[in-house]
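Asker:
Numbering (the numbering used here), first residue to last: 13 to 490.
1. In the DSSP assignment, find the alpha helix (DSSP H) that holds residue 496 and state where it starts and stops.
2. Is the beta carbon of residue 288 sitting closer than 7 Å to the one on residue 276?
3. The beta strand (DSSP E) spanning residue 393 covers which residue range?
4. Which runs of the beta strand (DSSP E) at least 3 residues long sit entirely within the stretch 332–371? Give them in chain order.
5. Within its chain, find whatever has a CB closer than 7 Å to the CB of residue 460; leave out the 5 residues flanking it on each side and keep chain order.
6. Using alpha carbons as the reference points, say which of 417, 390 and 416 lies closest to residue 404.
7. For my contact list, residue 128 and residue 158 are in at a C-beta cut-off of 8 Å; report their separation, rounded to the angstrom.
8. Residue 80 and residue 181 - do their beta-carbons sit closer together than 7 Å?
9. For the beta strand (DSSP E) containing residue 226, name the first residue and the last one.
10. Classify residue 240 as helix, strand or coil using the three-state DSSP reduction.
11. When we look at the beta-carbon of residue 69 and count the other beta-carbons within 10 Å, is it buried (16 or more) or exposed?
12. Helix, strand or coil for residue 292? Go by DSSP, reduced to three states.
13. Among all the DSSP beta bridges, which residues are the ones paired with residue 306?
14. Taking only three categories from DSSP, how would you classify residue 95?
15. Tell me whether the beta-carbon of residue 54 lies closer than 7 Å to the beta-carbon of residue 263.
16. Assign residue 309 to buried or exposed, taking buried as 16 or more other Cβ atoms, counted over all protein chains shown, within 10 Å of its Cβ.
17. Should residue 330 go down as buried or exposed, given a rule of 16 or more other Cβ atoms within 10 Å for buried?
18. Would you call the CB atoms of residue 469 and residue 344 closer than 7 Å?
19. Taking just the CA atoms, how far does residue 322 sit from residue 488?
20. Expressed to the nearest angstrom, what Euclidean distance is found between the alpha-carbon atoms of residue 89 and residue 117?
21. With distance defined between alpha-carbon atoms, name the residue in 467, 209 and 282 nearest to residue 342.
22. Are residue 188 and residue 121 touching if we call contact CB-CB under 7 Å?
23. Where does residue 84 fall in DSSP's three states?
24. Does residue 138 pass the burial test, meaning 16 or more other C-beta atoms within 10 Å, or should it be called exposed?
25. With burial defined as no fewer than 16 other Cβ atoms inside 10 Å of the residue's Cβ, what is the status of residue 192: buried or exposed?
26. Distance, Cα to Cα, residue 324 vs residue 195?
27. Can the beta-carbon of residue 347 be found closer than 7 Å to that of residue 266?
28. Do residue 223 and residue 253 have their beta-carbon atoms positioned less than 7 Å apart in this structure?
29. Does DSSP put residue 44 in a helix, in a strand, or in coil?
30. Taking residue 214 as part of the beta strand (DSSP E), name the residues at either end of that continuous run.
31. Which value, in whole angstroms, describes the spacing of the CA atoms of residue 291 and residue 213?
32. Beta-carbon separation of residue 315 and residue 211 under 7 Å?
33. Just to confirm before moving on: does the CB-CB distance between residue 371 and residue 463 stay below 7 Å?
34. Go ahead and label residue 304 buried or exposed: buried means 16 or more other beta carbons lie within 10 angstroms of its beta carbon, across all protein chains shown.
35. Tell me the DSSP bridge mates of residue 318?
36. Applying the criterion that 16 or more other CB atoms from any shown protein chain within 10 Å of the CB defines a buried residue, is residue 73 buried or exposed?
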């Protein structure tokens, strides 16, 4: 009798936890579906690119803000020449490119000196933000707006700060040295600053996977899906994150992250909050959260926005080992950023940021991987030992996997509303298939890795730049 009562108690407790996890996964997917629905509205109404006439007017206007592109580089000899060459050919009337060599151990600096005919410059790069020692400054003998800073190794955030110090423009854009910007991307990125010059302090654009696209002369000439299924899975992830999550959060002015690969900031505002924090693991997210924190405390009106039209193409990992390390690092960065600004959590003083965005990131982005992983484990154990019914297990997998497929395929369809959509239906179909398949194994593996990253973040594990194996932007055959 006692054994039977214990057995009933175990089943009830197990069912309680399983039901809680199902409800949790349902809520997170429902919120994300809401954000995707907002994305449909926003992409059609607020994210239309400039017309040719509008670009010409901006090009002629004396009020068009200047931009300094800051390119932190560490061991990027494979792609830095093509990437910087692309940046020097962008269509924008007033900008400069500042490459910061962060003590690279490969030939990054030597290749830059040779490719762009650099000479030692007397230009001062001292500024209000403290950085590691700047050893030399180089400029080009050719008529290009290029400055190269060679400094002691201090990490990505320290390199960006050195670039901010050296910048002479109204706006500073942070771009990874392994990335390619669409030729008219600066026009689209600056659009929110032209529409709301007083309040706008930061803008993020779209980052997409360049793997196996046709690249010539440092420009993406033909968009296509990758031959690597792993790369296509990540392409779907990127579309879902940008066209769903960031579009929605941007509408409510509560976006907590701008990609470190493609972000534009008002230089004076970035300096006012202290620049990028070199002690932070996720310096891109931490700066944006700190901006929300700082300007709400100061009661200064501000806006942080996302725009879908400008695209930065980046090479995503095609090796599981590299992807594993990257995702754990990203998760540690999320933990670090949220912990540093935990005062904002459920604090009504911080408005929609404190009452919606911050709790969302804590509950779902930070702890979500652990809950979802626990759900898979409990469901499998429950089925194996007949603790839960088959119908309960089916409900869990339906909520977690079916919703995932819906969200991923919706993101691929949203891509059709953007200027950088795929040129033919075969590529869209390939990505659509990847959007379905990624929910059967790939997403579960990433969830486990993110759970590992959460544990490492709680333990306070730090990380360096890390190693990313590059294939480079060699022209691909049509």
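Glycine residues also receive a C-beta, built at the ideal position from the N, C-alpha and C atoms. Computed from a predicted structure; not experimentally measured.
Answerer: Looking at the atomic coordinates:
1. Residue 496 lies beyond the range of the chain shown here (13 to 490); nothing can be said about it.
2. Numbered from its first residue, the chain shown carries residue 288 at position 276. Numbered from its first residue, the chain shown carries residue 276 at position 264. Not a contact, by the Cβ cut-off of 7 Å.
3. Translated into positions along the chain shown, residue 393 becomes position 381. Premise fails: residue 393 lies in the alpha helix (DSSP H), 380–396, not in any beta strand (DSSP E).
4. none
5. For this step, residue 460 is matched to residue 448 along the chain shown. Taken in chain order, the residues that qualify are 385.
6. Looking up residue 404 in the chain shown gives position 392. Closest by alpha carbon: 390.
7. Taking the first residue of the chain shown as 1, we reach residue 128 at position 116. Taking the first residue of the chain shown as 1, we reach residue 158 at position 146. About 6 Å; that satisfies the 8 Å criterion.
8. Taking the chain shown and counting its residues from 1, the one referred to as residue 181 is at position 169. Taking the chain shown and counting its residues from 1, the one referred to as residue 80 is at position 68. Yes, these two residues count as a Cβ contact at 7 Å.
9. The residue labelled residue 226 in the question sits at position 214 within the chain shown. Start and end: 226–228.
10. Numbered from its first residue, the chain shown carries residue 240 at position 228. Residue 240: coil per DSSP, three-state reduction.
11. Position 57 of the chain shown, counting from 1, holds the residue named residue 69. By the 10 Å Cβ count, residue 69 comes out exposed.
12. Here the question's residue 292 lines up with position 280 in the chain shown. Reduced to three states, the DSSP call for residue 292 is coil.
13. Here residue 306 corresponds to residue number 294 of the chain shown, with the count starting at 1. DSSP lists no partner for residue 306.
14. Numbered from its first residue, the chain shown carries residue 95 at position 83. Here residue 95 sits in helix by DSSP.
15. Along the chain shown, read from residue 1 onward, the residue named residue 54 stands at position 42. Along the chain shown, read from residue 1 onward, the residue named residue 263 stands at position 251. Cβ atoms of residue 54 and residue 263: closer than 7 Å.
16. By one-based count along the chain shown, residue 309 stands at place 297. Under this definition residue 309 is an exposed residue.
17. On the chain shown, position 318 is the one that residue 330 refers to. That one is buried.
18. Taking the chain shown and counting its residues from 1, one reaches residue 469 at position 457. Taking the chain shown and counting its residues from 1, one reaches residue 344 at position 332. The answer is yes: Cβ separation under 7 Å.
19. By one-based count along the chain shown, residue 488 stands at place 476. By one-based count along the chain shown, residue 322 stands at place 310. Note on residue 488: pLDDT 46, under 50, position unreliable in the model; no value is reported.
20. The count along the chain shown starts at 1 and reaches residue 89 at position 77. The count along the chain shown starts at 1 and reaches residue 117 at position 105. Cα-Cα distance, rounded: 10 Å.
21. Locating residue 342 in the chain shown gives position 330, where the first residue counts as 1. When each option's Cα is compared against that of residue 342, the closest is 467.
22. Residue numbering aside, residue 188 sits at position 176 when the chain shown is read from its first letter. Residue numbering aside, residue 121 sits at position 109 when the chain shown is read from its first letter. Against a cut-off of 7 Å, the Cβ pair of residue 121 and residue 188 comes out as no contact.
23. Locating residue 84 in the chain shown gives position 72, where the first residue counts as 1. In the structure shown, residue 84 sits in a strand (DSSP, three-state: E or B).
24. For this step, residue 138 is matched to residue 126 along the chain shown. Answer is exposed; the Cβ neighbour count stays below 16.
25. One-based indexing of the chain shown puts residue 192 at position 180. Buried, by the Cβ-count rule.
26. Start at 1 with the first residue of the chain shown, and residue 324 comes out as number 312. Start at 1 with the first residue of the chain shown, and residue 195 comes out as number 183. Rounded to the nearest angstrom, the two C-alpha atoms are 10 Å apart.
27. The sequence position of residue 347 within the chain shown is 335, counting from 1. The sequence position of residue 266 within the chain shown is 254, counting from 1. Going by C-beta atoms, residue 347 is not nearer than 7 Å to residue 266.
28. The residue you call residue 253 lines up with position 241 of the chain shown. The residue you call residue 223 lines up with position 211 of the chain shown. No, they are not a contact pair.
29. Residue mapping note: residue 44 aligns to position 32 of the chain shown, counting from 1. If DSSP states are grouped into helix, strand and coil, residue 44 belongs with the helices.
30. Locating residue 214 in the chain shown gives position 202, where the first residue counts as 1. Note, residue 214: beta strand (DSSP E), 212–221.
31. One-based indexing of the chain shown puts residue 291 at position 279. One-based indexing of the chain shown puts residue 213 at position 201. For residue 291 and residue 213, the distance between alpha carbons rounds to 23 Å.
32. Counting from one through the chain shown, the residue named residue 315 turns up at place 303. Counting from one through the chain shown, the residue named residue 211 turns up at place 199. Yes, these two residues count as a Cβ contact at 7 Å.
33. The count along the chain shown starts at 1 and reaches residue 371 at position 359. The count along the chain shown starts at 1 and reaches residue 463 at position 451. Contact flag unset, no.
34. Residue 304 sits at position 292 when you count from the first residue of the chain shown. Residue 304 comes out buried.
35. Taking the first residue of the chain shown as 1, we reach residue 318 at position 306. BP columns for residue 318 point to 216.
36. Your numbering for residue 73 matches position 61 in the chain shown. Answer is exposed; the Cβ neighbour count stays below 16.
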